Amino acid sequence: MATHRVAPEPRYEATVGSVAAAAVVVLAVTAALLGAWLRTDPWAQGDPTRGLQQLDLLYLDEPAPRYEELGLVRGRPALLLVCSACPRPAVDAQVVLSSDPAVARDYGLLTADGRVGPGYALINERGRVRYRTFDADAAAHAAEIAVLLAAMVPS
Amino acid sequence: MRRLLIAAALALAGEVYLALRYAEFGALFHYWLHGLWGMAAGLAVAVLWRSARSPQTGPGAQLVVAAAVGRLLFAVPDVLFLALDTPHAGWMDVFGAHISLHFVPAPVAWAYAAFAVAVVAAAMGALRRRRPAAGVAVGVVIMLVTGLAVRQPMPRTLDDVRGDSEIAWSCTLPP
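Residue numbers (this note's numbering), protein chains in the order written: chain U, 628 to 782; chain H, 12 to 186.
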């Protein structure tokens with residue numbers, strides 16, 4: 628029986644220089660992209676509570692402050708926009724806009740330096756607030772808001 | 012080397028796609044948070060695995076694939092949101108502490124620090140310094156556990172939200 632010697636798989640050899648260069652490039656490019664985001668994204672610059680911003684989790688369930696005062700009626704979910712001037716997203720819900728600092732304060736959308744939003748709150752058909760978030764451009768995020776509104780509808 | 016280049020090209024293309032999708036929602040914060048932690052975790056697991064197995068093949072492609080898999084695993088809830096209109100829920104912490112990571116102090120800075128430690132571990136592993144590499148990789152796990160241990164609790168009421176020092180409870184309202 629013929630025997631064959633199997634050649635061992637070649638061992639890789641990496642040099643300190645090449646590995647260090649690769650690691651530095653990866654970290655530097657990542658840091659540069661991260662820095663560019665921090666400098667240019669309005670959210671990165673303006674949001675005081677980033678962890679809560681656009682969390683997309685219905686983490687609240689309590690009576691919505693100033694519900695009647697805002698002109699909302701039970702039986703249909705509502706989107707409360709809290710901002711000084713912002714376009715309304717096209718969603719299937721009651722949509723009201725408030726720039727009142729007192730409303731913003733009640734919904735946790737008034738910053739310590741007195742800025743009103745921009746952000747929004749979602750209120751279910753029973754008048755309970757389920758979600759609030761800062762959002763620099765809610766009108767552009769209608770699809771995201773629609774997902775959350777749909778999740779509030781009782782099955 | 013060819014496997015490494017193919018894996019890197021695919022991973023890079025995936026990253027570009029994900030970044031564009033997150034940007035569409037104005038949510039690049041989440042892209043960075045889950046991306047950096049996911050890649051850090053993937054790299055750490057790959058370094059530990061290679062330290063235990065002592066493979067003879069080069070680590071490049073394995074590390075890239077591990078980072079990509081970790082990155083995807085940590086972002087599963089966001090993929091579910093984008094693909095299936097599924098809002099986030101507390102149980103989604105099973106995907107790399109997806110919810111809790113939002114409440115780690117300085118979340119993106121902490122994530123980048125963990126990623127940097129993981130890259131150092133991977134570099135040491137590539138140079139066959141297996142035990143030190145494994146030690147540094149364990150550091151990533153310690154950073155994750157520490158961050159989660161000191162995270163802020165998730166608010167459950169508007170009072171909790173207003174209790175944040177940077178939100179309006181401290182603001183003097185106009186009359």
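Using N, Cα and C, we set each Cβ at its ideal position, and we do this for glycine too. Just so it is clear, the structure is predicted and the values come from calculations on it, not from any experiment.
- Query: Ordered along the chain, which non-local residues of its own chain (more than five positions away) have a Cβ less than 8 angstroms from that of P186 (chain H)?
  - Reply: In the second sequence, the residue the question calls residue 186 (chain H) occupies position 175. For P186 (chain H), the predicted model reports a pLDDT of 36, less than 50, meaning its position is unreliable and no value from the coordinates is stated.
- Item | Contiguous beta strand (DSSP E) assignments of at least 3 residues, all confined to the segment 646-706 of chain U | none
- Proximal residues, the segment 18-46 of chain H versus chain U, C-beta separation under 8 angstroms: F36, G37, A38, L39, F40, H41 and W43
- For the segment 125-138 of chain H, which residues have a beta carbon sitting closer than 8 angstroms to at least one beta carbon of chain U? F126, A127, V130, V131, A133, A134, A137 and L138
- Query: Based on the DSSP secondary-structure assignment, which residues constitute the bridge partners of R759 (chain U)?
  - Reply: Numbered from its first residue, the first sequence carries residue 759 (chain U) at position 132. In DSSP, R759 (chain U) forms a bridge with U:A748.
- Might you give, ordered along the chain, the residues of its own chain that have their beta carbon closer than 8 angstroms to the beta carbon of L39 (chain H), omitting 5 neighbours on each side? The residue labelled residue 39 (chain H) in the question sits at position 28 within the second sequence. If we look at L39 (chain H) and ignore the five residues flanking it on each side, its Cβ neighbours are A30 and Y33.
- Query: What does V105 (chain H) pair with, by DSSP beta-bridge criteria?
  - Reply: Here residue 105 (chain H) refers to the residue found at position 94 when the second sequence is read from its first residue. DSSP lists no partner for V105 (chain H).
- Where the beta strand (DSSP E) through S111 (chain H) begins and ends: Here residue 111 (chain H) corresponds to residue number 100 of the second sequence, with the count starting at 1. No beta strand (DSSP E) contains S111 (chain H), which DSSP labels as neither H nor E.
- Item | Any chain H beta carbon closer than 9 angstroms to V723 (chain U) | By 1-based counting over the first sequence, the position of residue 723 (chain U) is 96. Answer no: the Cβ-Cβ gap between V723 (chain U) and chain H never drops below 9 angstroms.
- Message: Rounded to the nearest angstrom, what separates L43 (chain H) and G662 (chain U) at their Cα positions?
- Response: Taking the first residue of the second sequence as position 1, residue 43 (chain H) is located at position 32. Taking the first residue of the first sequence as position 1, residue 662 (chain U) is located at position 35. Before going on, a small fix: residue 43 (chain H) reads as Trp here, not Leu. Taking the straight line from one Cα to the other gives about 11 angstroms.
- Do the CB positions of R757 (chain U) and L654 (chain U) come within less than 9 angstroms of each other? In the first sequence, residue 757 (chain U) corresponds to position 130, counting from 1. In the first sequence, residue 654 (chain U) corresponds to position 27, counting from 1. No; because the gap between Cβ atoms is not below 9 angstroms, this pair is not in contact.
- Task: Using a Cβ-Cβ cut-off of less than 8 angstroms, list which residues of the segment 723-750 of chain U approach chain A; keep chain order.
- Result: The chain inventory of the structure shown lacks chain A, comprising the protein chains U and H.
- Query: Going straight from the alpha carbon of Y734 (chain U) to that of V105 (chain H), what length do you get?
  - Reply: Position 107 of the first sequence holds residue 734 (chain U). Position 94 of the second sequence holds residue 105 (chain H). Straight-line Cα distance between these residues: approximately 30 angstroms.
- Message: Applying the 10 Å Cβ sphere with the 16-neighbour rule, what's the burial state of W48 (chain H)?
- Response: For the purposes of this step, residue 48 (chain H) is taken as residue 37 along the second sequence, with counting starting at 1. Classification of W48 (chain H): buried, given that the 10 Å Cβ count is 16 or more.
- Query: In three-state terms, what does DSSP make of S711 (chain U)?
  - Reply: Within the first sequence, residue 711 (chain U) is the residue found at index 84, counting from 1. Judged by DSSP in its simplified three-state form, S711 (chain U) adopts coil rather than helix or strand.
- How many angstroms separate the CA atom of P714 (chain U) from the CA atom of A129 (chain H)? As a first step, residue 714 (chain U) is located in the first sequence; it is residue number 87 there, counting from the start. As a first step, residue 129 (chain H) is located in the second sequence; it is residue number 118 there, counting from the start. When rounded, the distance between both Cα atoms is 43 angstroms.
- Cβ atoms of G81 (chain H) and M50 (chain H): under 9 angstroms apart, would you say? Here residue 50 (chain H) is taken as the residue at index 39 of the second sequence, counted from 1. Here residue 81 (chain H) is taken as the residue at index 70 of the second sequence, counted from 1. Taking 9 angstroms as the Cβ cut-off, M50 (chain H) and G81 (chain H) qualify as a contacting pair.
- Please compile the residues from chain H whose C-beta is within a distance smaller than 7 angstroms of the C-beta of V643 (chain U). Translated into the one-based positions of the first sequence, residue 643 (chain U) becomes position 16. Within chain H, the residues near V643 (chain U) are L138.
- Message: Just to confirm, is the Cβ distance from A641 (chain U) to L138 (chain H) under 9 angstroms?
- Response: Locating residue 641 (chain U) in the first sequence gives position 14, where the first residue counts as 1. Locating residue 138 (chain H) in the second sequence gives position 127, where the first residue counts as 1. It is a contact, given that the beta carbons lie within the stated cut-off.
- Message: Between U:V730, U:A763, U:A770 and U:C710, which has its C-alpha nearest L169 (chain H)'s C-alpha?
- Response: Within the second sequence, residue 169 (chain H) is the residue found at index 158, counting from 1. Residue U:V730 is the option with its Cα nearest to L169 (chain H).
- Message: Checking the sheet assignment: what are the DSSP bridge partners for S725 (chain U)?
- Response: Residue 725 (chain U) sits at position 98 when you count from the first residue of the first sequence. Per DSSP, U:V709.
- Beta-carbon proximity check, C710 (chain U) vs G746 (chain U), cutoff 9 angstroms: Here residue 710 (chain U) refers to the residue found at position 83 of the first sequence. Here residue 746 (chain U) refers to the residue found at position 119 of the first sequence. In this structure, G746 (chain U) lies closer than 9 angstroms to C710 (chain U) by Cβ.
- Task: Within its chain, find whatever has a CB closer than 8 angstroms to the CB of F114 (chain H); leave out the 5 residues flanking it on each side and keep chain order.
- Result: The residue labelled residue 114 (chain H) in the question sits at position 103 within the second sequence. So the list reads R162, Q163, P164 and M165, once near-sequence residues are dropped.
- Query: Measuring CB to CB, does G754 (chain U) end up less than 9 angstroms from A712 (chain U)?
  - Reply: Within the first sequence, numbered from 1, the residue matching residue 754 (chain U) stands at position 127. Within the first sequence, numbered from 1, the residue matching residue 712 (chain U) stands at position 85. The answer is no: Cβ separation not under 9 angstroms.
- Message: Our contact map puts A650 (chain U) next to V131 (chain H) with C-beta atoms below 8 angstroms; I'd like the distance itself, whole angstroms only.
- Response: Counted from its first residue, the first sequence places residue 650 (chain U) at position 23. Counted from its first residue, the second sequence places residue 131 (chain H) at position 120. With 8 angstroms as the limit, A650 (chain U) and V131 (chain H) qualify as a contact, their Cβ atoms being about 7 angstroms apart.
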